[in-house]
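A.B. asks: Provided herewith is a single structure, encoded as structure tokens, for subsequent inquiry.
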Amino acid sequence: MKLKTKIIAGTSFLFLMLVILSAVLIHNQWKVQFKLKTILSVNYARIQSARNLQEEILQLSRAERNYLLFEEPAYLN
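Quick note: the sequence shown, position 6, residue 264 per the working numbering, numbers continuous.
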């Protein structure tokens with residue numbers, strides 16, 4: 259009887275550890291996915307901003323572009 263009780267207790271303990279480990283791994287996976295989604299959305303916003311700026315620059319005349327590039331460097335900062 260004592261051996262059977264030890265086997266049941268050991269099995270229950272191992273199962274509990276497995277459940278806890280699974281929960282920790284799932285939680286970490288969710289955290290990583292959330293961080294990746296955040297990084298991707300920030301990068302997407304930066305890309306959109308760069309595209310918008312590129313479109314604005316392309317709409318300028320050549321003289322205006324040269325002025326912004328060579329005579330007013332503070333605009334680029």
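Positions of the beta carbon are idealized from the N, C-alpha and C atoms, including for glycine.
Looking at the secondary structure, which residues open and close the alpha helix (DSSP H) in which L276 lies?
C.D. replies: Here the question's residue 276 lines up with position 18 in the sequence shown. Looking at the DSSP string, the run of the alpha helix (DSSP H) that includes L276 is 260-317.
A.B. asks: Measure the C-alpha to C-alpha separation of S280 and N324 and round it to an integer number of angstroms.
C.D. replies: Locating residue 280 in the sequence shown gives position 22, counting from the first residue. Locating residue 324 in the sequence shown gives position 66, counting from the first residue. Whole-angstrom Cα-Cα distance: 60 angstroms.
A.B. asks: In angstroms with no decimal places, state the Cα-to-Cα distance between I315 and M275.
C.D. replies: Translated into positions along the sequence shown, residue 315 becomes position 57. Translated into positions along the sequence shown, residue 275 becomes position 17. In a straight line, the C-alpha of I315 is about 60 angstroms away from that of M275.
A.B. asks: What does the alpha-carbon distance come out to for the pair Y302 and L294?
C.D. replies: Against the sequence shown, residue 302 aligns to sequence position 44. Against the sequence shown, residue 294 aligns to sequence position 36. Near 12 angstroms, if we compare the C-alpha coordinates of L294 and Y302.
A.B. asks: Between which two residues does the alpha helix (DSSP H) holding E322 run?
C.D. replies: Position 64 of the sequence shown, counted from the first residue, corresponds to residue 322. Taken as a continuous stretch (DSSP letters only), the alpha helix (DSSP H) holding E322 covers 320-324.
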